[in-house]
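In the working numbering, the protein residues as written are 5 to 431. Worksheet: the structure to be examined is printed underneath.
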Amino acid sequence: MRNITLDRPSRYVGRYDSLPRDIELALLDIFEQELALQRRLDILKGDLEVRYDYSAYAAYRSVDKYNDGRISTLNLGSFLRSTGHYATERELLTIIRRIDTDGDATLSYAEFAEFLRSANPPARQVLEEADRAHRASSAEKFRSSLPASSSNSSPLKQGGNHSRAHSQGRGAASFQSPERERQSSPLRESSPPRQSPQRKPILNLREEDELVHSLRDLISLERELESNKVTLALKSDFNLTDAFKIFDQAYRGSVAIHDLRDGLSAIGVFPTSEEVELFITRYDENKVRRLSIREFEQAFLAQDGYYAGMVQRRPSNYKYPLYRRDDCFLADTAIEFRNMWRVHFKVESAAETIRRRLNASPYFNVYEAFNSLDLNGDAAITKNEFRRLIESRGFYVSEKEAEQITKKFDNNGDGRVDYSEVSVPSS
Numbered sequence: 005m006r007n008i009t010l011d012r013p014s015r016y017v018g019r020y021d022s023l024p025r026d027i028e029l030a031l032l033d034i035f036e037q038e039l040a041l042q043r044r045l046d047i048l049k050g051d052l053e054v055r056y057d058y059s060a061y062a063a064y065r066s067v068d069k070y071n072d073g074r075i076s077t078l079n080l081g082s083f084l085r086s087t088g089h090y091a092t093e094r095e096l097l098t099i100i101r102r103i104d105t106d107g108d109a110t111l112s113y114a115e116f117a118e119f120l121r122s123a124n125p126p127a128r129q130v131l132e133e134a135d136r137a138h139r140a141s142s143a144e145k146f147r148s149s150l151p152a153s154s155s156n157s158s159p160l161k162q163g164g165n166h167s168r169a170h171s172q173g174r175g176a177a178s179f180q181s182p183e184r185e186r187q188s189s190p191l192r193e194s195s196p197p198r199q200s201p202q203r204k205p206i207l208n209l210r211e212e213d214e215l216v217h218s219l220r221d222l223i224s225l226e227r228e229l230e231s232n233k234v235t236l237a238l239k240s241d242f243n244l245t246d247a248f249k250i251f252d253q254a255y256r257g258s259v260a261i262h263d264l265r266d267g268l269s270a271i272g273v274f275p276t277s278e279e280v281e282l283f284i285t286r287y288d289e290n291k292v293r294r295l296s297i298r299e300f301e302q303a304f305l306a307q308d309g310y311y312a313g314m315v316q317r318r319p320s321n322y323k324y325p326l327y328r329r330d331d332c333f334l335a336d337t338a339i340e341f342r343n344m345w346r347v348h349f350k351v352e353s354a355a356e357t358i359r360r361r362l363n364a365s366p367y368f369n370v371y372e373a374f375n376s377l378d379l380n381g382d383a384a385i386t387k388n389e390f391r392r393l394i395e396s397r398g399f400y401v402s403e404k405e406a407e408q409i410t411k412k413f414d415n416n417g418d419g420r421v422d423y424s425e426v427s428v429p430s431s
């Protein structure tokens, strides 16, 4: 629903104009519920801050189960399940999105601590009074336990030094015996050792084989896409300026989903809404659901620098389209341009099918898959690690294919794939 709302073209509303009555009432109801929620959250945050045993860091560590420095839907769901609350994936994403400020679908400690800070923090006097009350209650419990402990340790309380020494000896024995019992406790011996952060869980062999075959399918799709980009680049009249103008009819410098739909319909390509959504998701680096001209170029520039430079150097044809928007190109170039769009939608739909097939497996886990690919354990996957895992199953991967599969997941363009880039909900 959020995407449908964002994809609608904007309408001009004057300064003194009003929205329809039902829409204004619905907005008012949303604002009232949001204010009530914020008031309730602020009360709960204030109750947490006055507790003597609370700290934001300890709370973050209790949720960050794998000690990787970020909270995702995986460890947040595990924490909620351990407390008896079973949240759906949509509910977990809703919690993450409310707290997440940088849009990476994970929570850092700074974001988590800022969310837990109340709007009206308690005064220092309140915290000191709570600490004094805790100390007083602890001292009272200690004093109430003294008569029982002394009666158990020395029944001859009125005796001399010998009885006091005997009492001290018994007290020492009673103090040392629980320690020996704790050292030889079968519960302590049978409890599993704490797992080292370096020994992270990985996929079993069957699921790892399925992951490798899925990566091989993705490489084949990227190879087909790259081949069509090279074919289009060899058309001497194809240029990115005219291709972008087909969709940017208002000369805004960016295109939204409805601009893509209109432009594709004008040149004879009719994709589904899901296919357009997947295309936007892949190439929208800023996550604003609009493609700038630089992001649009990435969809048509080949990975080979020779062919990419060839297309980038070409100027506009300066041909005004009389009948169709793609009349700025020759007939065979226009046909290849339409075919390029169809290949884009085919590749993204097939990649989405692969992702859903993996997620449908009950034994497949994204975090374990990331650890299986992260061979050196540096919390990032490089093209060499993609290549080594695939070649371990007997498949040959070229240097160019390894770069293509890395580039597909690498959203920030640093040549490395971290966990936040593979754990997003869509491919």
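The beta-carbon is built from N, C-alpha and C at its ideal position, and this holds for glycine as well. Quantities reported herein were computed from a predicted structural model and do not represent experimental measurements.
Under 7 Å between the Cβ atoms of residue i and residue j?
{"i": "R318", "j": "N232", "result": "no"}
{"i": "F248", "j": "I297", "result": "yes"}
{"i": "R220", "j": "F399", "result": "yes"}
{"i": "Y287", "j": "Q302", "result": "yes"}
{"i": "L111", "j": "I99", "result": "no"}
{"i": "S427", "j": "S76", "result": "yes"}
{"i": "R225", "j": "I409", "result": "According to the sequence displayed, residue 225 carries Leu and not Arg. Not closer than 7 Å, so no."}
{"i": "V234", "j": "Y311", "result": "yes"}
{"i": "E425", "j": "N415", "result": "yes"}
{"i": "L362", "j": "S148", "result": "no"}
{"i": "L96", "j": "G81", "result": "yes"}
{"i": "K204", "j": "N380", "result": "no"}
{"i": "L229", "j": "V315", "result": "no"}
{"i": "R328", "j": "V273", "result": "no"}
{"i": "L120", "j": "K49", "result": "yes"}
{"i": "G107", "j": "K291", "result": "yes"}
{"i": "Y61", "j": "L52", "result": "no"}
{"i": "H348", "j": "P13", "result": "no"}
{"i": "T105", "j": "E93", "result": "no"}
{"i": "D46", "j": "A123", "result": "yes"}
{"i": "Y64", "j": "Y113", "result": "yes"}
{"i": "R392", "j": "V401", "result": "no"}
{"i": "E289", "j": "E279", "result": "no"}
Name the DSSP beta bridge partners of residue i, please?
{"i": "I75", "result": "L111"}
{"i": "I385", "result": "V421"}
{"i": "L282", "result": "Per DSSP, none; premise fails for L282."}
{"i": "S402", "result": "BP columns for S402 are empty, so no partner."}
{"i": "E258", "result": "The question names Glu, yet the displayed sequence has Ser at residue 258. Paired residues: S296."}
In the DSSP assignment, the alpha helix (DSSP H) including residue i goes from what residue to what residue?
{"i": "V351", "result": "A335 to A364"}
{"i": "G50", "result": "R25 to E53"}
{"i": "L225", "result": "L209 to A237"}
{"i": "K249", "result": "L244 to K249"}
{"i": "R329", "result": "Note, R329: premise wrong, no alpha helix (DSSP H); not H, not E."}
{"i": "R94", "result": "E93 to I103"}
{"i": "Y64", "result": "A60 to V67"}
{"i": "Y371", "result": "V370 to L377"}
With residue i and residue j assumed to form a contact (beta carbons below 8 Å), what rounded beta-carbon distance in angstroms separates them?
{"i": "F333", "j": "D252", "result": "Contact doesn't hold; Cβ gap of about 16 Å is too wide."}
{"i": "A384", "j": "R420", "result": "4 Å"}
{"i": "L282", "j": "S353", "result": "7 Å"}
{"i": "A270", "j": "R293", "result": "That pair is no contact at about 21 Å."}
{"i": "E340", "j": "L236", "result": "5 Å"}
{"i": "L295", "j": "S320", "result": "That belief does not hold up - the Cβ atoms of L295 and S320 are roughly 19 Å apart, past 8 Å."}
{"i": "Y367", "j": "L78", "result": "About 15 Å; that fails the 8 Å criterion."}
{"i": "K387", "j": "E356", "result": "Not really, about 23 Å apart at Cβ, beyond 8 Å."}
{"i": "K323", "j": "D331", "result": "7 Å"}
May I ask whether a heavy atom of the ligand NAD can be found less than 6 Å away from the beta carbon of residue i?
{"i": "Y255", "result": "As for the ligand NAD, it is missing from this structure, which has no ligand bound."}
| said: Please give me, in chain order, every unbroken run of the alpha helix (DSSP H) with length at least 4 that falls completely inside the segment 272-322. | reply: 277-287, 297-302 and 309-316
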